[in-house]
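Report on the structure given below.
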Amino acid sequence: EIFCFAYLDDIIIFSATPEEHDRHVTLVLEALERAELHLKPSKCVWSVPEIEFLGFTAVAGKGIRMSDDKLQALREWKRPTNVKEVRMFLGTINFCSKMMPHFADNAAPLNSLTKKGKAFEWTEECERSWSRMM
């Protein structure tokens, strides 16, 4: 049973019900105690229905979505005009690729622009790729 995720010094615990959440929190706290790891109370957030975590928003009962600030940054992204900008865009959007169906297929025309020795040419296929990912 997976009910928590840890990254560096952050831990998120997710559960289907308040009762299950209490049990999960207890299990995590016991594991931290056994490992002699300590929490800083001022940095803890408990039993909230929604939380920002690593650029995503976890919403109780609904799952995970990209955080609003990340979505806004993508909406404001200008169409790439050179290889460096395409690489920057692909690096950024790759952050949410797991949440985008057919990401690899949709990104393929833009990826092809980054091939060494290939002249930069923004085609209709690139435009469709860009539009699908935006």
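Adding 29 to a residue's 1-based position in the sequence shown gives its number in my numbering. No residue lacks a Cβ here, since even glycine has one placed at the ideal position from N, Cα and C.
Neighbourhood of residue 87 by C-beta, 6 Å cutoff - its chain only, sequence neighbours within 5 removed = The residue you call residue 87 lines up with position 58 of the sequence shown. Excluding residues within five positions, the ones whose Cβ falls inside 6 Å are 80 and 93.
Have a look at the DSSP bridge pairing and note the partners of residue 79.
-> Residue numbering aside, residue 79 sits at position 50 when the sequence shown is read from its first letter. DSSP output for residue 79 lists 88 as bridge partner(s).
Could you spell out where the alpha helix (DSSP H) holding residue 133 opens and where it closes?
-> As a first step, residue 133 is located in the sequence shown; it is residue number 104 there, counting from the start. Note, residue 133: alpha helix (DSSP H), 132-141.
Pick helix, strand or coil for residue 34, following the three-state DSSP scheme.
-> Within the sequence shown, numbered from 1, the residue matching residue 34 stands at position 5. In the structure shown, residue 34 sits in a strand (DSSP, three-state: E or B).
For residue 95, which three-state DSSP category applies?
-> Position 66 of the sequence shown, counted from the first residue, corresponds to residue 95. It is a strand residue.
Of the residues 110, 75, 74 and 100, the one placed nearest residue 85, counting alpha carbons only | Looking up residue 85 in the sequence shown gives position 56. Of the candidates 110, 75, 74 and 100, the one whose C-alpha sits nearest the C-alpha of residue 85 is 100.
What's the call for residue 74, buried or exposed, on a 16-neighbour Cβ count within 10 Å?
-> Start at 1 with the first residue of the sequence shown, and residue 74 comes out as number 45. Counting Cβ neighbours within 10 Å, residue 74 comes out exposed, since fewer than 16 surround it.
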